[in-house]
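For reference, the structure is listed below as structure tokens.
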Amino acid sequence: MTLVVKVKYQGILRRLTLQLREEYVPEINMDALKCKIRELFKLNPNADMSITYTDEDGDVVTMADDVDFLDAVRQGLNPLRLDVSLATEPSNSERSSSPAEQRNEGMEPLLEALRKVSDPTYHLRALSEVPVLNSVFSSPAVAELMRLGTANFGSLFEAQSRSGPNRETPNGSE
Numbered sequence: 002m003t004l005v006v007k008v009k010y011q012g013i014l015r016r017l018t019l020q021l022r023e024e025y026v027p028e029i030n031m032d033a034l035k036c037k038i039r040e041l042f043k044l045n046p047n048a049d050m051s052i053t054y055t056d057e058d059g060d061v062v063t064m065a066d067d068v069d070f071l072d073a074v075r076q077g078l079n080p081l082r083l084d085v086s087l088a089t090e091p092s093n094s095e096r097s098s099s100p101a102e103q104r105n106e107g108m109e110p111l112l113e114a115l116r117k118v119s120d121p122t123y124h125l126r127a128l129s130e131v132p133v134l135n136s137v138f139s140s141p142a143v144a145e146l147m148r149l150g151t152a153n154f155g156s157l158f159e160a161q162s163r164s165g166p167n168r169e170t171p172n173g174s175e
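Note that the sequence shown ends on residue 175 in the working numbering; no numbers are left out.
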């Protein structure tokens, strides 16, 4: 006796035929079925998959082990329609960090510091806190530069060089 199994993965339907021994016992077990499914869809041999089917009552049932597989076959569903999905996120115990992920663990404080330092106005703000430099940072051009950030650096420097020191900035402020 044979059992037709229709397997659906990501909208693709494939068919395979299994031989059944007496009393609806398949000749393969659940692990062998998963192996056949991986081969059919060219999946990673280590892919963690979830297999479901709709039983005779119309309920979607997960097929997790040999007992579930045998139960599905003994319901007499022919064809037996299986839906396969891959686990999207491995559990922490199954996850193996890549070398790049291992190098980046605990790096968040450093990355945050680098983000601050790479902000061109960060240095200007830090220098503006130095009392000796108060007169430099009180000039209208530097104040405007701090206000605008990096977007208009070039135009501010050009305007300052055209107008000379202690003259009006492009926005009319002193």
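Note that CB positions come from ideal geometry on N, CA and C, so glycine has one too.
{"Item": "On the three-state DSSP scale, how would you describe Met2?", "Value": "coil"}
{"Item": "Going by C-alpha distance, which of Met2, Glu23 and Ile38 is nearest Tyr10?", "Value": "Ile38"}
{"Item": "Give the straight-line distance between the Cα atoms of Leu4 and Asn45, rounded to the nearest whole angstrom.", "Value": "26 Å"}
{"Item": "Would the beta-carbon of Leu34 fall within 9 Å of that of Arg15?", "Value": "no"}
{"Item": "Determine, using beta carbons only, whether Tyr54 and Asp84 come nearer to each other than 9 Å.", "Value": "yes"}
{"Item": "Excluding five sequence neighbours on each side, which residues of the same chain lie with their C-beta closer than 6 Å to the C-beta of Ala48?", "Value": "Leu87"}
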